[in-house]
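Numbered according to our numbering, the sequence shown spans residues 111 to 331.
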Amino acid sequence: MSGKPKLHYFNGRGRMESIRWLLAAAGVEFEEAFLEKKEDLTKLQKDGSLLFQQVPMVEMDGMKLVQTRAILSYIATKYNLYGKDLKERTLIDMYMEGLLDLYELFMMYLIQPADKKEQHFANMLDKASNRYFPAFEKVLKDHGQGFLVGNQLSKADVFLLETIFVAEEYKPDILASFPLLQSFKARISNIPTIKKFLQPGSQRKPPLREEDLPKVMKIFY
Numbered sequence: 111m112s113g114k115p116k117l118h119y120f121n122g123r124g125r126m127e128s129i130r131w132l133l134a135a136a137g138v139e140f141e142e143a144f145l146e147k148k149e150d151l152t153k154l155q156k157d158g159s160l161l162f163q164q165v166p167m168v169e170m171d172g173m174k175l176v177q178t179r180a181i182l183s184y185i186a187t188k189y190n191l192y193g194k195d196l197k198e199r200t201l202i203d204m205y206m207e208g209l210l211d212l213y214e215l216f217m218m219y220l221i222q223p224a225d226k227k228e229q230h231f232a233n234m235l236d237k238a239s240n241r242y243f244p245a246f247e248k249v250l251k252d253h254g255q256g257f258l259v260g261n262q263l264s265k266a267d268v269f270l271l272e273t274i275f276v277a278e279e280y281k282p283d284i285l286a287s288f289p290l291l292q293s294f295k296a297r298i299s300n301i302p303t304i305k306k307f308l309q310p311g312s313q314r315k316p317p318l319r320e321e322d323l324p325k326v327m328k329i330f331y
């Protein structure tokens, strides 16, 4: 019997946060080994743990998994969060790729140069409000189910919920004109495993603050 998955990353969101969300949604307990200095990353690189010399890395089922999308796909497949057939998996992947494009905009905001921040902020909220959230509102309307794909929870539902929470940190009323997304948020947030992860004291990470950036950059650069 293998132990809990062990997540190797810095103590913050970044590219590991979606993995934390998905494991939590699946009801899987996990451990975290935080990179606190450059030497922690170098050690993983030197001992051959990182195939492409970068994190996130998840030790799970006797493997050292890297690349966020691959890790998410493995977890989703293992815990039945990846649809029931090829068509459903393809839709899930399609929705995930769109959400990743939006999520990347939010993730990159903090590291924008001062003179580009305002433009980036306006662009990411415009894309969320006028491209991505309207698309998912339409998906929910057309599908007519409680989930994005099929009739059960998938990794796309979990990632959409995570992205909604992140978007609301920048604009609390961003779902004002999306009633189906509002209902979706309330419904998926109440799934017991996810509800637990949303409580204070869970392994969910807070937004990265500007003053934390230098410490994080020292690990990677």
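Where a beta carbon is used, it is the ideal one built from N, C-alpha and C, also for glycine.
- Counting only the Cα atoms, V259 lies some 8 Å from A266.
- The Cβ atoms of I304 and A135 sit closer than 8 Å to each other.
- Taken through DSSP and simplified to helix, strand or coil, F144 comes out as strand.
- In the DSSP assignment, Y280 falls within the unbroken alpha helix (DSSP H) covering 265-280.
- In the same chain as L182, and ignoring 5 residues on each side of it, the C-beta atoms closer than 7 Å to its own belong to S128, I129, L132, K265, in chain order.
- If you draw a 10 Å sphere on the C-beta of M173, you find fewer than 16 other C-beta atoms in it, and that means exposed.
- Going by C-alpha positions, P302 is about 23 Å away from P317.
- For L161 against V168, the beta-carbon gap comes to about 12 Å, at or over 8 Å, which does not count as contact.
- A distance below 8 Å separates the beta carbons of L220 and E320.
- With at least 16 other beta carbons inside 10 angstroms of its own, P166 counts as buried.
- When the beta-carbon positions are compared, F288 and E247 come within less than 8 Å of each other.
- If you look at M170, you'll find it in the beta strand (DSSP E) that goes 167-170.
- Nearest Cα to F140 within the set H118, R123, E149: H118.
- Scanning its chain for C-beta atoms nearer than 7 Å, with the 5 sequence neighbours on each side dropped, one finds around S299 the residues L271, K305, L308, in chain order.
- Beta bridge pairing from DSSP links V176 with M167.
- L117 sits in a strand when the DSSP states are folded into three classes.
- Per DSSP, the continuous alpha helix (DSSP H) segment holding G208 begins and ends at 196-219.
- Our two residues, T152 and Q164, have alpha carbons roughly 10 Å apart in a direct line.
- Here the C-alpha atom of K188 lies approximately 21 Å from the C-alpha atom of L210.
- T273 counts as buried, since no fewer than 16 other beta carbons sit within 10 angstroms of its beta carbon.
- Taking S239 as the centre and dropping the five residues before and after it, the same chain places the C-beta of I284 closer than 7 Å to its C-beta, in chain order.
- Distance between L291 and M126, taken at the CA atoms: about 24 Å.
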